[in-house]
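Numbering (our numbering), first residue to last: 416 to 607.
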């Protein structure tokens with residue numbers, strides 16, 4: 416039997432062309448989907464790799480936290496030790512200053528004409544009170560103290576007449592500043 420195609424040839428060509436275009440579009444769409452899937456897979460792999468790297472770096476960072484805490488503790492301990500050392504140095508300086516000031520006062524007092532009733536040192540301030548035979552003895556004692564490298568700003572804060580055993584004596588109070596003398600600069604010999 417014979418089949419007769421009654422459709423015109425143009426229509427057949429159009430249908431074949433349309434099928435070919437649909438197939439091409441479908442294949443192009445499949446290719447595009449495959450490319451997008453490949454790019455998505457590659458991106459997912461990169462993301463996974465970067466997340467693993469971030470986890471590793473966080474673990475490494477956390478391992479350094481202990482070391483950083485130890486360093487911070489050591490810095491704090493060092494500052495505390497420095498502070499304590501400075502306090503010890505200051506105490507040594509202050510105690511040696513007190514000893515030197517007492518020595519200076521003892522060496523500069525006229526034992527035959529005066530005596531001290533009290534001596535009070537607080538930081539760099541020194542207050543002396545005593546009894547002298549006359550004003551000249553008090554003035555001489557003040558001049559002697561002014562010559563000391565450890566004692567400065569000697570001032571008479573109070574002077575009054577006091578009768579002891581029927582004798583007119585001078586009661587006095589002095590205020591002065593005490594400090595270690597500035598270190599002497601070494602002498603530099605000039606070339607001749």
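Built from N, CA and C at the ideal position, the CB exists for glycine as well.
Would you kindly work out how many angstroms separate the C-alpha atoms of residue i and residue j, rounded to a whole number?
i, j, result
"residue 594", "residue 532", "23 Å"
"residue 564", "residue 520", "12 Å"
"residue 475", "residue 491", "25 Å"
"residue 479", "residue 499", "30 Å"
"residue 559", "residue 523", "6 Å"
"residue 467", "residue 445", "33 Å"
"residue 510", "residue 516", "10 Å"
"residue 489", "residue 453", "54 Å"
"residue 590", "residue 497", "34 Å"
"residue 428", "residue 442", "21 Å"
"residue 434", "residue 459", "37 Å"
"residue 562", "residue 555", "11 Å"
"residue 581", "residue 588", "22 Å"
"residue 461", "residue 477", "24 Å"
"residue 430", "residue 436", "10 Å"
"residue 447", "residue 424", "34 Å"
"residue 596", "residue 512", "10 Å"
"residue 486", "residue 473", "19 Å"
"residue 504", "residue 537", "18 Å"
"residue 553", "residue 534", "15 Å"
"residue 507", "residue 471", "54 Å"
Under the DSSP definition of a beta bridge, which residues are partnered with residue i?
i, result
"residue 588", "544 and 573"
"residue 595", "Per DSSP, none; premise fails for residue 595."
"residue 557", "In the DSSP output, where bridge partners are listed per residue, residue 557 has none listed."
"residue 567", "592"
"residue 583", "578"
"residue 531", "545"
Counting along the chain, where does the alpha helix (DSSP H) carrying residue i start and finish?
i, result
"residue 539", "Counting along the chain, residue 539 falls outside any alpha helix (DSSP H), and DSSP gives it neither H nor E."
"residue 467", "424 to 523"
If residue i and residue j are in contact, beta carbons under 8 Å, what's the gap, nearest whole angstrom?
i, j, result
"residue 592", "residue 573", "Contact doesn't hold; Cβ gap of about 18 Å is too wide."
"residue 585", "residue 571", "The pair is not a contact, with the Cβ atoms about 10 Å apart (cut-off 8 Å)."
"residue 514", "residue 541", "Their Cβ separation, rounded to whole angstroms, is 13 Å, which puts residue 514 and residue 541 out of contact at 8 Å."
Evaluate the contact criterion for the segment 544 to 564 versus the segment 523 to 532: three or more CB pairs, one atom per stretch, below 8 Å.
yes
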